[in-house]
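Asks: One structure follows; several queries about it will come next.
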Amino acid sequence: MRITELADATGVAPATIKYYVREGLLPAGARVSDNRTEYDDAHVRRVRLVRALIDVGRLPVARAREVLAVLDDDAREVQDVFAVAQDALTPGPAPADPPAADALDRIDAVTRRAGWCVLEGHAGRAQAARAVDALERSGHRMDDGYLDRYAEAAGIQADADLAAVRARPDRTAMAELMVVGTVLGDHLAAGLRRIAQATVAMPTGAAS
């Protein structure tokens, strides 16, 4: 297919497709003549993946490129793809002030109560601790029961993510879902949480 057909199939403008190629996000098409380049179904799939990461997942181009490079490396295990996708979601440079030791201790404690491993160098540990720290600094210290319920919900989501990945037929499909599921799963979880909050906050009988 020509680039105009690729654009029609994906809903992405030809200029944007060319930008994806220049940035190393999309393999170049096969040049069949001086003024014609052909694309195939693999390009359709990749354009949709790139669009999901950048437009919906809001990944910076540089981070999306890193994730896709690992995804394309068949020598890398699916777990490697997962780790890179998680790193890509980590907020920018860490604040100068690390989270308080008490906040880290509380996250480690809820991690142990959930039956998980305490991963001292994991970005998620510091990210969660900063949230706990900020809540307390704002005058809203949340008790352990609150944190445990959040951990319970996170565990259910993680189980659902990995079950979906394991159900995919091959390494490529597993790795792709690991990437888009990690990036877009955060948006899905946040959206559903807001719907739930709005519903729970309604007066009894008001929801329909």
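Each residue of the sequence shown is one higher than the one before, starting from 4 at the first, in our numbering.
Glycine included, C-beta positions come from ideal geometry on N, C-alpha and C.
Just so you know, these numbers come straight off a predicted model, no measurement behind them.
#1: Thinking just about the alpha-carbon of each residue, which of Thr-175, Ala-163 and Ile-6 is nearest to the one in Asp-75?
#2: Mind checking Ala-204: buried by the 16 CB within 10 Å criterion, or exposed?
#3: On the CB-based measure, 16 or more other CB atoms within 10 Å of its CB, does Thr-13 come out buried or exposed?
#4: Keeping to the same chain, check which residues put their C-beta closer than 7 Å to that of Val-59; ignore five residues upstream and five downstream.
#5: Evaluate the contact criterion for the stretch 155-168 versus the stretch 32-39: three or more CB pairs, one atom per stretch, below 8 Å.
#6: Return the residue from the list Arg-140, Ser-141 and Ala-131 that minimises the CA-CA distance to Asp-151.
#7: Looking at Leu-62 and Leu-71, is the spacing between their C-beta atoms short of 7 Å?
#8: Select from Ile-198, Ala-201, Arg-197 and Leu-180 the residue whose C-alpha is nearest the C-alpha of Arg-51.
#9: Can you tell me where the beta strand (DSSP E) holding Thr-40 begins and where it ends?
#10: Closest to Ile-110 by CA distance: which of Ile-198, Glu-8 and Tyr-149 is it?
Replies: According to the structure shown:
#1: Against the sequence shown, residue 75 aligns to sequence position 72. Ranking Thr-175, Ala-163 and Ile-6 by Cα distance to Asp-75 puts Thr-175 first.
#2: Taking the sequence shown and counting its residues from 1, one reaches residue 204 at position 201. With fewer than 16 Cβ atoms within 10 Å of its Cβ, Ala-204 is classed as exposed.
#3: Within the sequence shown, the letter at position 10 stands for residue 13. Buried, because 16 or more other Cβ atoms sit within 10 Å of the Cβ of Thr-13.
#4: Here the question's residue 59 lines up with position 56 in the sequence shown. Counting only Cβ-Cβ distances below 7 Å, and skipping sequence neighbours, we find Leu-187 and His-190.
#5: no
#6: Locating residue 151 in the sequence shown gives position 148, counting from the first residue. Asp-151 has its Cα closest to that of Ala-131, out of Arg-140, Ser-141 and Ala-131.
#7: Taking the first residue of the sequence shown as 1, we reach residue 71 at position 68. Taking the first residue of the sequence shown as 1, we reach residue 62 at position 59. It is not a contact, given that the beta carbons lie outside the stated cut-off.
#8: As a position in the sequence shown, residue 51 is number 48, starting the count at 1. It is Leu-180 whose Cα lies nearest to the Cα of Arg-51.
#9: The sequence position of residue 40 within the sequence shown is 37, counting from 1. Thr-40 -> beta strand (DSSP E) spans 39-41.
#10: Numbered from 1 along the sequence shown, position 107 holds the residue referred to as residue 110. The residue with the shortest Cα to Cα distance from Ile-110 is Tyr-149.
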